[in-house]
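Peer 1:
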Amino acid sequence: MKASQLQETVQAEATNWFHSLEPVVPHDMVGLWKGDGHPSGHPLDGVLENLHWFGKRFHPDMRADALLFEGEPGRLIPVDPKFFPIRLANRFAVFGRSALGWNLFQHIRSRVRATGTTATLQMRMDHNVMTAAMGYDRQPITDYFRRIDGNQVAGMMVVERPETVLLQTYQSGSPRVPVKEPILKTPDGRYIIVRGRLWRRRTRVCPRKSGNVSYWS
0 MKASQLQETV QAEATNWFHS LEPVVPHDMV GLWKGDGHPS GHPLDGVLEN
50 LHWFGKRFHP DMRADALLFE GEPGRLIPVD PKFFPIRLAN RFAVFGRSAL
100 GWNLFQHIRS RVRATGTTAT LQMRMDHNVM TAAMGYDRQP ITDYFRRIDG
150 NQVAGMMVVE RPETVLLQTY QSGSPRVPVK EPILKTPDGR YIIVRGRLWR
200 RRTRVCPRKS GNVSYWS
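Okay, so the sequence shown: first residue is 0 according to numbering that gives the first Met the number 0, each after it adds one.
1. Skipping 5 residues on each side, what residues in its chain have a beta carbon closer than 8 Å to that of residue 81?
2. Could you tell me whether the Cβ atoms of residue 54 and residue 70 are closer together than 7 Å?
3. With DSSP collapsed to three states, give me the class of residue 61.
4. If you count every other CB in all the chains shown that lies within 10 Å of the CB of residue 256, and 16 or more means buried, which is it?
5. Among 56, 26 and 12, whose alpha-carbon lies nearest the alpha-carbon of residue 39?
6. What are the boundary residues of the alpha helix (DSSP H) that residue 31 is part of?
7. Applying the criterion that 16 or more other CB atoms from any shown protein chain within 10 Å of the CB defines a buried residue, is residue 144 buried or exposed?
8. Under 8 Å, with one C-beta from each stretch per pair, do the region 41-52 and the region 19-28 reach the 3-pair mark?
9. Alpha carbon to alpha carbon, how far is residue 165 from residue 43?
10. Just to confirm my understanding: we take residue 83, look at its own chain, exclude 5 residues before and 5 after, and list those with CB closer than 6 Å. What are they?
11. Buried or exposed, going by whether 16 or more other CB atoms sit within 10 Å of the CB of residue 90?
12. Check for me: the alpha helix (DSSP H) holding residue 88 runs from which residue to which?
13. Contact defined as beta carbons within less than 8 Å: I believe residue 167 pairs with residue 36. What is the distance between those atoms, to the nearest angstrom?
14. Please confirm whether residue 28 and residue 113 have their CB atoms less than 7 Å apart.
15. Would you decide whether residue 87 is buried or exposed? Buried here means 16 or more other CB atoms lie within 10 Å of its CB.
16. Quick one, are the C-beta atoms of residue 57 and residue 65 less than 7 Å apart?
17. Looking at the structure shown, is residue 108 part of a helix, part of a strand, or coil, going by DSSP?
18. Buried or exposed: residue 174, going by 16 or more other Cβ atoms within 10 Å of its Cβ?
19. Which partner residues of residue 218 appear in the DSSP bridge assignment?
20. Note down, in chain order, each residue of its chain lying with its Cβ closer than 8 Å to the Cβ of residue 78, except the 5 sequence neighbours on either side.
21. Let me check one thing: in DSSP terms, what residues is residue 248 bridge-paired to?
Listed below in structure tokens is the structure:
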């Protein structure tokens, strides 16, 4: 099977699986979501993961941080998608999956940081079903969402002209939250409460940092 035929087959299988899931409403998406990529025959498969992509954050006003990346331990960095035209991103996808790509992204991340929200969450029609979808402000991209279970959703990034899809899944209640945004914090700093949930500070060994890093779970 030729590479193009294999890509079309994987794209079709990913789309069929996504459309078999139940829809979700925008208000159920409000909060922080940890994303994971899945092979879907798209040129960008694996690129975001290599760049330490974290996921998305949806606000009560239905605005969204479309691209969140891991920064220093306990911090998330919103990146503005407008700096990465989709055709250019597809063209340099192989570089984006490399160690050099990750190194370059580390150096330019602060320059492409978003100064505000970068997308809008709303109900849209997808395959004759109304479901939550996120439209990017300055990109021809829509992310559609379907429910997997109580705390997991699937996301299908649909790129227009020509139409291609990138499949991802998201987990709510991520163990990493920005430590600078606690609502309540115990005097010893070991626990915080964010949106009604109790989180405990933990540490783990991080070889890349040559020491321990802190996170919340």
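C-beta: ideal position from N, C-alpha, C; glycine also.
Peer 2: Checking against the coordinates, here is how it stands:
1. In its chain, beyond the 5 residues on either side, 117, 136, 137 and 138 have a beta carbon closer than 8 Å to the beta carbon of residue 81.
2. Residue 54 places its beta carbon 7 Å or farther from that of residue 70.
3. DSSP places residue 61 in the coil class of the three-state scheme, outside both helix and strand.
4. Any property of residue 256 remains undetermined from this structure, which presents the chain solely from 0 to 216.
5. Ranking 56, 26 and 12 by Cα distance to residue 39 puts 12 first.
6. No alpha helix (DSSP H) contains residue 31, which is instead part of the beta strand (DSSP E) from 30-36.
7. By the 10 Å Cβ count, residue 144 comes out buried.
8. By the C-beta criterion, the region 41-52 is judged not to be in contact with the region 19-28, since fewer than 3 inter-stretch pairs fall below 8 Å.
9. Taken atom to atom, the span from the alpha-carbon of residue 165 to that of residue 43 is near 7 Å.
10. So no residue of the chain qualifies.
11. Per the 10 Å Cβ criterion, exposed.
12. That run of the alpha helix (DSSP H) goes 85-90.
13. That belief holds up - the Cβ atoms of residue 167 and residue 36 are roughly 5 Å apart, short of 8 Å.
14. Judged by beta-carbon spacing, residue 113 lies beyond the 7 Å limit of residue 28, meaning their Cβ atoms are not closer than that value.
15. It is exposed - the Cβ of residue 87 has fewer than 16 other Cβ atoms within 10 Å.
16. Contact flag unset, no.
17. Residue 108: helix per DSSP, three-state reduction.
18. Low per-residue confidence applies at residue 174: pLDDT is 42, beneath 50, and the placement is therefore not dependable, though the value from the model is reported in the following sentence. Label assigned to residue 174: exposed.
19. Look at the range of the chain in this structure, 0 to 216, and you will see that residue 218 is not part of it.
20. Excluding sequence neighbours, residue 78 sits near 66, 67, 68, 108, 111, 112 and 113.
21. A question about residue 248 goes unanswered here, because the residues of the chain that appear run from 0 up to 216.
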